[in-house]
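Worksheet: one structure, shown below.
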Amino acid sequence: MVKTIRLTTAQALVKFLKQQYIHVDGEEFPFVEGIFTIFGHGNVLGIGQALEENPGHLKVIQGKNEQGMTHAAVAYSRQMLRQKIFAVTASAGPGSANMITAAATAFANNIPVLILPADTFATRQPDPVLQQLEHETSAAVTTNDAFKAVSKYWDRIQRPEQLMSSLLRAFEVMTNPATAGPATICIAQDTEAEAYDYPETFFEKRIHYLNRLLPTERELKGAVDRIKASKKPVIIVGGGAKYSEAREILMALSSRCGIPLVETHAGKSTVEASFENNLGGTGVLGTLAANKAIRQADLIIGIGTRYTDFTTSSKTAFNYEQTKFLNINVNRMQAYKFDAFQVIGDAKATIEKLFPLLADYQATFGKTIQQLKTEWYLERERLGKTAFTREHFVPEIAGQFTQEIFNEYADVLHTEFTQSTAFLTINEVVADDSIAIASAGSLPGDMQRLWHAEVPNTYHLEYGYSCMGYEIGGALGVKLANPTQEVYAMVGDGSFLMLHSELVTALQYNQKINIMLFDNSGFGCINNLQMSNGSGSYKCEFRNYNNQIMTIDYAKVAEAYGAKVYRANTTEELIAALEDAKKQEKSTLIEMKVLPKTMSDGYDSWWHVGVAEVSKKTEVHEAYLKSQEMLKKAKEY
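The end of the sequence shown is residue 637 by UniProt numbering, with every number in the run present.
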């Protein structure tokens, strides 16, 4: 006779979560670290009651905004290389809907997180319950159906026994490198509290094995043949290489064969910046060195990359008359991109198989790699020293901004500080093992081009979805993953205004994060985009009803929450603030007023955006014609 234990659905859920383990390269540890919660109707009397009664080892953290806390969970999992997760739970209706944006962020980045949105009543007895949507076409549709598009696995639980098969499927998806991403299980609020006689075997310790997928002999032979037939191969290091922990074997292969490495946004800091063959970020946000190497390549070896438009410069980065593609990926869909020769396998395990088979191979880049790297380092140094003042106005940087407008910003913001100088100063002053995090605006460009990560896995750029508001919640998640390292969230004033609630959570739980707030009084990145394509500066600057530039004291906001704050509008002030912030035990915020248009710009790259085909402005028409010319260089598939 099967032994059973009588539990509510929510109690069974919590009991199950505590028994999930993951096994990676001989090490075994719990997979679920904890759960972020904002309680409300639909989850407080179900999941809330179960957690209060017996949380076990699960860390229960009270979030302040459903999207923000889910960003924290996503960042935690990403920083843990997808080997550990937090779950998140919110109330029915708007509380759960607030998690959808963060779920999409997890989906785009292939990051596992367990999302538990509360749902309506399975019985439908009190319908329409508070915050329930009513559809005339179906009573079965709820707010949570919106999660279907942003989940790798989705299910709705309306009977207690359904939980068992649903959880097993969700954890298979989350622990599979080829399908990793958010799993959403919506539980009807009456079902959460309903009891059932669950078999005790369901709650036994369950181990999920993260096995390294090995390529076939055919795939290995095909890869070796193509590499040996090439003269100038370039390796694109994607997120899959980082999650696979392929650093050592990548460096060994690159050094012995003379193959340069370039990095995607997710792949950066797999290998440290100082490695001799690492040319940095590639694509729209890439370095001049990486983009030049890509242009010369006759074989692109994509390792764990999705080939997003920013990585490929909207598919214009490559010389298709000479360049072939070889993709190594655990996901078949990604491996097929660019009509490449596909090698389906774990990045680290596959390169280890290839390494001895390429013992006699040598690329012909030779000294060119170091020459490209030196050239870029000189350009990086120049950017850090470029002044932008009334006396030193740089029209090629300013674009359509006039001297008068810059003077206006300098007067209102009381600064002549440039974003590039501020950014490079931060990189120079913080400890090498500090973790930098960013997501949206112009700062990802500075991150990908200029930030030197000298310790592996200390660079955290969410650019799979480029979600404004990820930065501060994400910093909290990173700190939870790496409690002994300093974490620096690079955030613009636009992103800060969208979502900074988890600063309060960081203070509440004594998780020190450092917020580097770059304030140029507007959505500067999108302002660049509109103006560089012929439009004027329209509704992207922060101007008031009198058309005056707004100046906001963001430091006061953080100070009111309880953070230690600084204001730094010069290099000297910034260095002093950074040094003092290192001594603090609580979260800090350094507010920097920076001039617009002083971020780094693109190098030998192009981004395909929808430019108006018809316009009264000559500049817009010219931008459209240019885009059509660039499209002639792009690949269609």
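Where a beta carbon is used, it is the ideal one built from N, C-alpha and C, also for glycine.
*Output the distance between the C-alpha atoms of SER439 and SER495, rounded to the nearest integer angstrom.*
Here residue 439 corresponds to residue number 439 of the sequence shown, with the count starting at 1. Here residue 495 corresponds to residue number 495 of the sequence shown, with the count starting at 1. Cα-Cα distance, rounded: 9 Å.
*Around the C-beta of GLU486, are 16 or more other C-beta atoms found within 10 angstroms, so that it is buried, or is it exposed?*
Within the sequence shown, numbered from 1, the residue matching residue 486 stands at position 486. Classification of GLU486: buried, given that the 10 Å Cβ count is 16 or more.
*Could you give the residue range of the alpha helix (DSSP H) that holds ASP519?*
Sequence index remark: in the sequence shown, residue 519 carries index 519 (1-based). First-last for ASP519: 514–519, but that is the beta strand (DSSP E), not the alpha helix (DSSP H).
_With a threshold of 8 Å, are at least 3 pairs of Cβ atoms found where one atom belongs to the segment 241–250 and the other to the segment 213–224?_
no
*asked:* Using a 10 Å radius around the Cβ and a threshold of 16 neighbouring Cβ atoms, would you call LEU285 buried or exposed?
replied: By one-based count along the sequence shown, residue 285 stands at place 285. LEU285 is buried by the Cβ-count criterion.
*Residues near GLY56 in its chain [Cβ-Cβ closer than 7 Å; skip 5 each side]*: Taking the sequence shown and counting its residues from 1, the one referred to as residue 56 is at position 56. If we look at GLY56 and ignore the five residues flanking it on each side, its Cβ neighbours are LYS18.
*asked:* Could you tell me the alpha carbon to alpha carbon distance between ILE437 and SER138, rounded to whole angstroms?
replied: As a working mapping, residue 437 is identified with position 437 in the sequence shown. As a working mapping, residue 138 is identified with position 138 in the sequence shown. Their backbone Cα atoms lie some 43 Å apart in a straight line.
*Pull up the distance between the alpha-carbon of ILE111 and that of GLU636, whole angstroms please.*
In the sequence shown, the residue the question calls residue 111 occupies position 111. In the sequence shown, the residue the question calls residue 636 occupies position 636. Distance between the alpha carbons of ILE111 and GLU636 is about 28 Å.
*Cut-off 6 Å between Cβ atoms - residues of its own chain near SER442, not counting five sequence neighbours on either side*: On the sequence shown, position 442 is the one that residue 442 refers to. If we look at SER442 and ignore the five residues flanking it on each side, its Cβ neighbours are GLY524, CYS525, MET599.
*Looking at C-alpha atoms only, which residue of TYR196, THR505, ASP145, GLU613 is the closest neighbour of PRO94?*
In the sequence shown, counting from the first residue as 1, residue 94 sits at position 94. For the residues TYR196, THR505, ASP145, GLU613, the minimum Cα distance to PRO94 belongs to ASP145.
_7 Å CB neighbourhood of VAL24 in its chain, flanking five on each side removed_ = Numbered from its first residue, the sequence shown carries residue 24 at position 24. If we look at VAL24 and ignore the five residues flanking it on each side, its Cβ neighbours are GLN83, LEU210.
*So the alpha helix (DSSP H) ARG247 belongs to, where does it begin and stop?*
What you label residue 247 is simply residue 247 of the sequence shown in a count that begins at 1. Taken as a continuous stretch (DSSP letters only), the alpha helix (DSSP H) holding ARG247 covers 247–257.
_With 16 other Cβ atoms within 10 Å as the buried cut-off, status of LEU461_ = The sequence position of residue 461 within the sequence shown is 461, counting from 1. By the neighbour-count rule (16 or more Cβ atoms within 10 Å), LEU461 is buried.
*asked:* The alpha helix (DSSP H) that contains CYS186, what's its start and end?
replied: For the purposes of this step, residue 186 is taken as the residue at position 186 of the sequence shown. Here CYS186 belongs to no alpha helix (DSSP H); instead the beta strand (DSSP E) covers 182–188.
*Three-way DSSP call (helix, strand, coil) for ALA398 in this model*: Counted from its first residue, the sequence shown places residue 398 at position 398. Reliability of the predicted coordinates at ALA398 is poor, the pLDDT of 45 falling under 50, and the value obtained from them is presented with this limitation in mind. Note: ALA398 maps to helix in three-state DSSP.
_Quick check on the DSSP output: the beta strand (DSSP E) that includes PHE365 runs from which residue to which?_
In the sequence shown, residue 365 corresponds to position 365, counting from 1. Run containing PHE365: none; DSSP gives neither H nor E here.
*Exposed unless 16 or more other CB atoms sit within 10 angstroms - verdict on PRO356*: Working through the sequence shown from its first residue, we reach residue 356 at position 356. By the neighbour-count rule (16 or more Cβ atoms within 10 Å), PRO356 is not buried but exposed.
*Quick one: using the 10 Å Cβ neighbour count with 16 as the cut-off for buried, is LYS367 buried or exposed?*
Along the sequence shown, one-based indexing puts residue 367 at 367. Per the 10 Å Cβ criterion, exposed.
*Hey, out of THR350, ALA347, ILE351, LEU326, whose CA is closest to ASP339's CA?*
Position 339 of the sequence shown holds residue 339. Here the closest residue by C-alpha is LEU326.
*Residue range of the alpha helix (DSSP H) that MET498 falls in?*
In the sequence shown, counting from the first residue as 1, residue 498 sits at position 498. Start and end: 493–498.
_Pair within 8 Å by beta-carbon distance, HIS608 and ASP309_ = Start at 1 with the first residue of the sequence shown, and residue 608 comes out as number 608. Start at 1 with the first residue of the sequence shown, and residue 309 comes out as number 309. Yes; because the gap between Cβ atoms is below 8 Å, this pair is in contact.
*CB LEU480 to CB GLN511, shorter than 8 Å?*
The residue labelled residue 480 in the question sits at position 480 within the sequence shown. The residue labelled residue 511 in the question sits at position 511 within the sequence shown. It is a contact, given that the beta carbons lie within the stated cut-off.
_Rounded Cβ spacing between VAL620 and ASN533 (contact assumed at less than 8 Å)_ = Start at 1 with the first residue of the sequence shown, and residue 620 comes out as number 620. Start at 1 with the first residue of the sequence shown, and residue 533 comes out as number 533. With 8 Å as the limit, VAL620 and ASN533 qualify as a contact, their Cβ atoms being about 7 Å apart.
_Could you compute how far the alpha carbon of GLY26 sits from the alpha carbon of THR175?_
The count along the sequence shown starts at 1 and reaches residue 26 at position 26. The count along the sequence shown starts at 1 and reaches residue 175 at position 175. Looking at the backbone, the Cα of GLY26 and that of THR175 are separated by about 16 Å.
*Note the first and the last residue of the continuous beta strand (DSSP E) segment covering ILE85.*
Your numbering for residue 85 matches position 85 in the sequence shown. It spans 85–90 - the beta strand (DSSP E) in which ILE85 sits, taken as one unbroken run.
_If contacts are defined as beta-carbon pairs under 8 Å, then ALA188 and THR120 qualify, I think. What distance do you get, rounded to the angstrom?_
Counted from its first residue, the sequence shown places residue 188 at position 188. Counted from its first residue, the sequence shown places residue 120 at position 120. The Cβ separation is near 6 Å, so the contact holds.
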